[in-house]
Amino acid sequence: MATTYRICPRTGLQYDTAAEKLMRWNAVAAVLALLVGGIMAIGVVLTRWPSVKLLPADQFYLVLTAHGVDMLLIWIIFFEMAVLYFCSSTLLRCRLATPKIAWLGFILMTIGAVMGNYAVLAGESSVMFTSYVPMQASPLFYLALILFAVGALIGCFVFLGTLVVARAEKTYEGSIPLVTFGALTACIIAVFTIASGAVILIPTLLWSVGIIQEIDPLMYRVIWWGMGHSSQQINVSAHVSIWYAIAAIAFGAKPLSEKVSRFAFLLYILFLQLASAHHLLSDPGLGSEWKVMNTSYFMYFAVMASMIHGFTVPGAIEAAQRKAGYNNGLFEWLRKAPWGNPAVSGMFLSLFIFGFLGGISGVVVGTEQLNMLMHNTIYIPGHFHATVVGGTTLAFMALTYFLVPTLFKREMIAPKLCAIQPYLFGISMAVVSLVLMGAGTLGVSRRHWDMAFSGAPFQYEWPGAAYLMMGIAGIFGMLAIAGGALFILLVVFSLLFGKKLDEGTTSEKRTPFAPNTAAASVSTTGSAEHVAVPGTLTLALLLLVSFVLYYFVNWKYLSEVWGLS
Amino acid sequence: MSAILPPADRLWWKQPIDKIEWTWIMLAFTWGMIMFVMMIYWHINGKQNLSTETYKSTREMFTAKADKFIAENTIRTETEQNIPVVKVAPGGDAYLTASLWRWWPILELEKGQTYKVHLYSMDYNHGFSLQPVNINIQVVPGYEHVVKMTPTKAGTYSIVCNEYCGIGHHTMLGRIYVK
Chain U
1 MATTYRICPR TGLQYDTAAE KLMRWNAVAA VLALLVGGIM AIGVVLTRWP SVKLLPADQF
61 YLVLTAHGVD MLLIWIIFFE MAVLYFCSST LLRCRLATPK IAWLGFILMT IGAVMGNYAV
121 LAGESSVMFT SYVPMQASPL FYLALILFAV GALIGCFVFL GTLVVARAEK TYEGSIPLVT
181 FGALTACIIA VFTIASGAVI LIPTLLWSVG IIQEIDPLMY RVIWWGMGHS SQQINVSAHV
241 SIWYAIAAIA FGAKPLSEKV SRFAFLLYIL FLQLASAHHL LSDPGLGSEW KVMNTSYFMY
301 FAVMASMIHG FTVPGAIEAA QRKAGYNNGL FEWLRKAPWG NPAVSGMFLS LFIFGFLGGI
361 SGVVVGTEQL NMLMHNTIYI PGHFHATVVG GTTLAFMALT YFLVPTLFKR EMIAPKLCAI
421 QPYLFGISMA VVSLVLMGAG TLGVSRRHWD MAFSGAPFQY EWPGAAYLMM GIAGIFGMLA
481 IAGGALFILL VVFSLLFGKK LDEGTTSEKR TPFAPNTAAA SVSTTGSAEH VAVPGTLTLA
541 LLLLVSFVLY YFVNWKYLSE VWGLS
Chain S
566 MSAILPPADR LWWKQPIDKI EWTWIMLAFT WGMIMFVMMI YWHINGKQNL STETYKSTRE
626 MFTAKADKFI AENTIRTETE QNIPVVKVAP GGDAYLTASL WRWWPILELE KGQTYKVHLY
686 SMDYNHGFSL QPVNINIQVV PGYEHVVKMT PTKAGTYSIV CNEYCGIGHH TMLGRIYVK
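Chains as they are written, first to last, in our numbering: chain U, 1 to 565; chain S, 566 to 744.
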């Protein structure tokens, strides 16, 4: 229990020294995974660019598998571990529960990450991230995923334990902060996700070594997606929490309503896991009622939750900015935001790309019948590069610009390049997403080495526009990779050579929160603090109108295809 | 009451919700309900709903049916591989087999007629992606999926495999003629 506490002089945050070290190592491991996944991305982008077609087929499928595993799993989950420890021990000003066990989790995740990469790069496991049976990877591949997941599960329990510690030692009064509540949401979904993963990956491992005879391919898909999609919902909860955190740190923004924001997180816990069905809408063997109920997250309550967060985050910022005096017209609060601060610009771009591109396309592709227009086309990577890359990864990058000074005690080098990076990465990725969705609407397949079908008994010529859009995806894909590389370089060089910053005071005693005055709790109730947010409402209505139009355009497309019944 | 601090007001759940926020919540809720009802509506009135008729099947059982179907209805063969072109009786059953890396056989259909196309995979997951119509259906091994299809226009259509199925995945191209 003997740990020390450091007060960061720049932010006033208190770090448990043991937790701090864990956060740093998890963040570093995450960035390393991002580097490996980014190198793989070069192979993916340059091969799918029709006029470049860099790699032969076997290597293409290999780097595509590695890209998926490194980015979707390793980069994101390592970073989320750092976020969980931050949101518990730092935000609640308490010690981290069982740091030694947290290290065990970290070591397991690291072993899993290295083993997984080895299994894929050795060439025996080009089965894609989804590894649909009966296509078989080497046993190491499944073992690696299991070890990584067990490590992450340990991290989740350390997070939950830390919440218990904080409560027992009374380090805070009342309720946990909203951001911690969001992290708790992510953690609960993570436990469900990892349980689904265990249910399917352990038998698959046994099958790969010959102990189990057969895994039913459809059952595999149903349960695997209980992990595969739910893990993306961990990301949603985590990056929404980060939006709230950055809004609070950069603008001093307060949630418009704690009740509404927390209720929206609660809806995530209740309904997000149902989205396993999104991947099975065009599958045989599953009933329409099951598909409709599950794909809609039980009548779209989880979509409603995201629409609420998409409103309350900018709304909170608008309210804070208006109070700070930016009160002219609808959008002065937005125009006068610190757009040169990469944490802020990254957060806004993340919010925008996730909402307008990822969110709308996600609901459309997740509509039972409409799914047949996009299932397994490159529309799907277009959609999830808007959610997971434009949304999650960009939010994590934005938070990193805040974490380097406070957690690593270094100043970011090259502030001008830092200011450009979120735009370079975010805008390029948004373009990639758009053109991939465009090409997918024309039918172009995902996970496909050759649009020209060389060696096939027939010819099929995709429309010229499809080739054009895949070419644009190539160009902007490379730009996005440049943006990602710039991020890694900036972070690594800042950690190595950035100006060392004042550590702040370290003591053996915990410093509690500044006490809440009774007056403060009175003044926040009622409408005394109330600020209208017309700008946010305008933006939200714009989102809704785009959403409605795009949704019905796709029904129009569907009505024009062959009759199916 | 910053988002990274415990709520200053311990009774935060008693605070009223702002009118604009309520408006947005109700809009989002209503839109969700419309989208939910839309899927059900399409099952009743739409002409494109994916069939749920599925049978567990084995390679042997499906091959027997598919071979019989091909033997009885082939009208010619095409390409160097002598892929049979099979004319399906209007309203009849067609058996389409996906395997590494081919769609077998070529089907010949008539515009405006409805056919029961039985999709089956002999090995891995495959993807039935009909182009340029752009209908995409997953083909899962072990499951015979009976999809009723009604072509709306004459022409030559391609079946792209759009589920990754190994090194020859990009050569897996099939064909449907609609007269």
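Beta carbons are placed, not taken as given, at the ideal position from N, Cα and C, and that holds for glycine.
Residue i CB to nearest chain S CB: under 8 Å?
i              : result
P284 (chain U) : yes
M583 (chain U) : There is no way to answer for residue 583 (chain U), as the model of chain U reaches only from 1 to 565.
S175 (chain U) : yes
A518 (chain U) : Its pLDDT being 41, under 50, A518 (chain U) is placed unreliably by the model, and nothing is read from it.
V165 (chain U) : no
F453 (chain U) : yes
T367 (chain U) : yes
E258 (chain U) : yes
Contact criterion: CB-CB distance below 8 Å. Does residue i meet it with respect to chain U?
i              : result
D658 (chain S) : no
S694 (chain S) : yes
Q580 (chain S) : yes
S567 (chain S) : yes
D632 (chain S) : no
T644 (chain S) : yes
V651 (chain S) : no
T639 (chain S) : no
I700 (chain S) : yes
R575 (chain S) : yes
Please name the residue in the options whose C-alpha comes closest to that of residue i.
i              : options                        : result
F402 (chain U) : U:S88, U:A343, U:A198          : U:A343
I702 (chain S) : U:G161, U:Y61, U:L281, U:N26   : U:L281
F354 (chain U) : U:K556, U:A190, U:N235, U:T162 : U:N235
L576 (chain S) : U:K259, U:F497, U:M437         : U:K259
E560 (chain U) : S:T639, S:I732, S:Q613         : S:Q613
S433 (chain U) : U:G477, U:Y172, U:C418         : U:G477
L558 (chain U) : U:W339, U:S89, U:G443          : U:G443
D688 (chain S) : U:A113, U:F129, U:S125, U:P134 : U:P134
T406 (chain U) : U:Y550, U:E173, U:Q232, U:T90  : U:T90
K291 (chain U) : U:V365, U:T3, U:P99, U:A456    : U:V365
I215 (chain U) : U:Q459, U:I202, U:G226         : U:I202
S361 (chain U) : U:W333, U:M293, U:T441         : U:T441
Q136 (chain U) : U:V150, U:V120, U:L147         : U:V120
I77 (chain U)  : U:G498, U:P50, U:L218, U:G228  : U:G228
S231 (chain U) : U:L274, U:L266, U:Y244         : U:L274
E647 (chain S) : S:F634, S:W669, S:L661         : Note on identity: in this sequence residue 647 (chain S) is Asn, with Glu being the wrong assignment. Here the closest residue by C-alpha is S:W669.
T721 (chain S) : S:H735, S:L695, S:V705         : S:L695
I7 (chain U)   : U:F497, U:N327, U:K509, U:A149 : U:K509
G471 (chain U) : U:G37, U:D283, U:K53           : U:K53
From residue i to residue j, what does the alpha carbon distance come to, in whole angstroms?
i              : j              : result
M23 (chain U)  : E80 (chain U)  : 10 Å
S523 (chain U) : H530 (chain U) : Annotation note: pLDDT 38 at S523 (chain U) (below 50); position unreliable, no value reported.
A398 (chain U) : D658 (chain S) : 56 Å
E289 (chain U) : A593 (chain S) : 23 Å
R446 (chain U) : N376 (chain U) : 6 Å
Y467 (chain U) : L674 (chain S) : 30 Å
Y729 (chain S) : G692 (chain S) : 8 Å
F192 (chain U) : G155 (chain U) : 14 Å
V388 (chain U) : S565 (chain U) : 34 Å
A19 (chain U)  : F106 (chain U) : 12 Å
L486 (chain U) : K579 (chain S) : 47 Å
A113 (chain U) : P697 (chain S) : 41 Å
R335 (chain U) : E503 (chain U) : 34 Å
L84 (chain U)  : Y15 (chain U)  : 13 Å
A480 (chain U) : I427 (chain U) : 8 Å
F547 (chain U) : F356 (chain U) : 8 Å
Say the cut is 7 Å; is the CB of residue i nearer than that to a heavy atom of the ligand MG?
i              : result
S454 (chain U) : This structure lacks the ligand MG; in fact it carries no ligand of any kind.
By the criterion of Cβ-Cβ separation under 8 Å, what are the contact partners of residue i in chain C?
i              : result
V240 (chain U) : Among the chains of the structure shown, chain C does not appear; the protein chains present are U and S.
Inset, instruction - With 8 Å as the limit, tell me which residues of the stretch 711 to 723 of chain S have their beta carbon closer than that to any beta carbon of chain U; keep them in chain order. - result: Taking 8 Å as the cut-off between beta carbons, the residues of the stretch 711 to 723 of chain S near chain U are V712, K713, M714, T715, P716, T717, S723, in sequence order.
Legend entry - Contact list for the stretch 586 to 616 of chain S against chain U, Cβ threshold 8 Å: E586, T588, W589, I590, L592, A593, F594, W596, G597, M598, M600, F601, M603, M604, I605, W607, H608, G611, K612, Q613, N614, L615, S616
Inset, instruction - Please list the segments of the beta strand (DSSP E) lying wholly inside the stretch 82 to 114 of chain U, counting only runs of 3 or more residues, in order along the chain. - result: none
Legend entry - Ordered list of alpha helix (DSSP H) runs contained in the stretch 281 to 347 of chain U, each at least 4 residues: Within the stretch 281 to 347 of chain U, the complete alpha helix (DSSP H) segments at least 4 residues long are 288 to 295, 297 to 323, 332 to 335, listed from N- to C-terminus.
Legend entry - Short-range partners of chain S found in the stretch 205 to 225 of chain U, where Cβ spacing is below 8 Å: D216, P217, L218, R221
Legend entry - Segments of 4+ residues assigned as alpha helix (DSSP H) that fall wholly inside the stretch 383 to 455 of chain U: 394 to 407, 415 to 441
Inset, instruction - Please list the residues of the stretch 674 to 692 of chain S that have a C-beta atom closer than 8 Å to any C-beta atom in chain U, keeping them in chain order. - result: T679, L684, D688, Y689, N690, G692
Legend entry - Residues, ordered as in the chain, of the stretch 309 to 326 of chain U that lie near chain S by beta-carbon distance below 8 Å: F311, T312, G315, A316
Inset, instruction - Counting only runs of 3+ residues fully inside the stretch 645 to 687 of chain S, write out the beta strand (DSSP E) ranges in chain order. - result: 648 to 652, 658 to 664, 667 to 669, 671 to 674, 680 to 686
Legend entry - Runs of beta strand (DSSP E) lying entirely within the stretch 1 to 71 of chain U, each at least 3 residues, in chain order: The DSSP assignment places 5 to 7, 14 to 16 as complete runs of the beta strand (DSSP E) inside the stretch 1 to 71 of chain U, in order along the chain (cut-off: 3 residues).
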